[in-house]
DNA sequence: CCTAGCAGGATTGGATCCAATCTGTGGCTA
DNA sequence: TAGCCACAGATTGGATCCAATCCTGCTAGG
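Residue numbers (this note's numbering), protein chains in the order written: chain A, 1 to 215; chain B, 216 to 430.
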């Protein structure tokens, strides 16, 4: 049903994530394996393996003999994720900034260009992807693979909210400016400035999302 | 073959973890599903689901159409894990120490008693369990479930080494003392002292393990 | 002698089928 | 009327079977 993938579990994993993030699967609702497998055009086996991954990421919960349920994220959970991101991204930046090469910065500039283009066009799908590519290109320069993995999980867990955040044009304009601050700090090879810029970046989004989540 | 469990995947998961931790499954070697499934007396389905969980925890790696391989941890990986633990456990302690009740402290004293008993008897299996129970009883008081989850993963990833560490009587004697320092800091409701005590606790083990790992 | 290509076996990925467990409903009893 | 038990349907858990892919060793050609 989607782009080809070496294995069905991967394809299902992507679709499942998208469906959870976009709210197609209501938070708190049970994941009925049969119907979902049918929806994705596969059997239950690869679906279950994908669910096990999502369980590890905290996007779904699992109760033996009762099944999987879409996680519902609370304000507390959101703030906890951002607190952890704050700690861990600071560490990644400390490790990354000092080792940045000129080629790295050139690459980051290119990625940022894609972010801004998607942002301008209002293409939320590609904006989400480009934004993530930009930030993780930085984090990966830390040469701390396990740290990057944990950060991936934390980002995955809040993709739902990021999509909401990007919907507003005001927010999109703001992140463009914040991204340029980040890049400037990286250009100057100033770790503390980069950490501070990220702090601002995150605190804005968690603030907006927190109030929006309280409805 | 083991204690009963509501589902086979859970039982397999425990056995698999033990076999990896104890080195029965050599690091770097491929996990041949058929033979392992036979070994545990189940089919390949629950085994694969258990492997997906371990993949999420970083105990095994997965390559599509090639299978799962037991992760081999390098010194770099070990130090990275401990660096992350340092950051995250400090955060957990900051959140936990201030809210500790007298009952909590009583419970911790009980858990520590079990640790020391197992340590004295040289029962490594129950020592591993009791040690973990003690430390996570503290972390869980942070009321930050996601943080606890990440810490669980980090601990899981280095269980292999912890088992080695406990083997030496000298090390066991040392951790008993370190645990008492931790408990004293908690008794005093002094977060910074607790963080410092943990720092000492970790740095000893990472130091010993690091040299031992370099063989 | 070295390399490309091609079987054959081994191993994983996925689908289908059956067993085990849970959930909800209705009837019975105190 | 409230509570408990039994039964039926739904749903998950696990086993077996088949298809797709990968790896190994051999062979043929340069």
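Built from N, CA and C at the ideal position, the CB exists for glycine as well.
The Cβ neighbour count for residue 271/B, taken over all protein chains shown within 10 Å, is at least 16; the residue is labelled buried.
With contact defined as three or more Cβ pairs closer than 8 Å, the stretch 280–292 of chain B and the stretch 231–250 of chain B are in contact. Shown here, residue 63/A sits in a strand according to DSSP, grouped into three states. In the DSSP annotation of this structure, the continuous segment of the alpha helix (DSSP H) that includes residue 177/A starts and ends at 169–187.
With a 10 Å radius around the Cβ and a threshold of 16 neighbouring Cβ atoms, residue 280/B comes out exposed. Chain order gives the chain B residues near residue 7/A as 279, 280, where near means a beta carbon separation below 8 Å. Taking a Cβ-Cβ cut-off of 8 Å, the neighbours of residue 149/A in chain B comprise 273, given in sequence order.
Rounded to whole angstroms, residue 206/A and residue 214/A show a C-alpha spacing of 12 Å. Here the alpha carbon of residue 173/A sits roughly 26 Å from the alpha carbon of residue 77/A. One finds 359, 361, 362 in chain B with Cβ atoms closer than 7 Å to the Cβ of residue 80/A, taken in chain order. Distance check between residue 101/A and each of 137/A, 117/A, 120/A, 41/A places 137/A closest, using alpha-carbon atoms only. The beta carbon of residue 292/B sits closer than 8 Å to some beta carbon of chain A.
The beta carbon of residue 414/B does not come within 8 Å of any beta carbon belonging to chain A, so the residue lies off that interface.
At least one CB atom of chain A sits nearer than 8 Å to the CB of residue 302/B. Our two residues, residue 19/A and residue 122/A, have alpha carbons roughly 20 Å apart in a direct line.
Separation of residue 6/A and residue 258/B (C-alpha to C-alpha, rounded to the nearest whole angstrom) is 24 Å. With 16 or more neighbouring CB atoms inside 10 Å of its own CB, residue 201/A falls in the buried class.
With respect to the C-alpha of residue 329/B, the residue from 384/B, 318/B, 346/B, 319/B having the closest C-alpha is 346/B. Of all residues in the stretch 230–253 of chain B, none is placed with a Cβ closer than 9 Å to any Cβ belonging to chain A. Exposed is the label assigned to residue 278/B, since fewer than 16 other Cβ atoms lie within 10 Å of its Cβ.
Counting only unbroken stretches of 4 or more residues, the alpha helix (DSSP H) elements lying wholly within the stretch 4–37 of chain A are 8–21, in sequence order. In the same chain as residue 187/A, and ignoring 5 residues on each side of it, the C-beta atoms closer than 8 Å to its own belong to 105, in chain order.
Runs of the alpha helix (DSSP H) spanning 4 or more residues and lying entirely within the stretch 78–155 of chain A occur at 102–121, 124–140, in chain order.
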